[in-house]
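Inspection log for the structure reproduced underneath, given as structure tokens.
In the working numbering, the protein residues as written are 947 to 1041.
Structure (structure tokens):
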């Protein structure tokens, strides 16, 4: 009899926990969407402001981290150096 009540209690606890996770996830989603809209507004209205600058900085840092993480894949696939691409030092020569 105790096994049934303990399994029912575990099921109820799991259900409550799942409901709580759904609530928190829903609020985080709504908050994220609102902040994304605010960020887009700030980027369009004040492109030289602190919010826009931080967004550009964060995007640059994330892009750099992704490139660093993918360096092994790049060399495994055979793309050691870009062929036909621009190098920073030679990009001005093509103007």
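Virtual Cβ for every residue (Gly too), placed ideally from N, Cα, C.
To the nearest angstrom, how far is it from the Cα of residue 1008 to the Cα of residue 975?
Residue 1008 and residue 975: Cα-Cα distance of roughly 21 Å.
Provide the residue span of the alpha helix (DSSP H) that contains residue 1018, from first to last.
Its alpha helix (DSSP H) spans residues 1017-1022.
Can you tell me the Cα-Cα spacing of residue 959 and residue 997, whole angstroms?
Spanning the two alpha carbons is a distance of roughly 42 Å.
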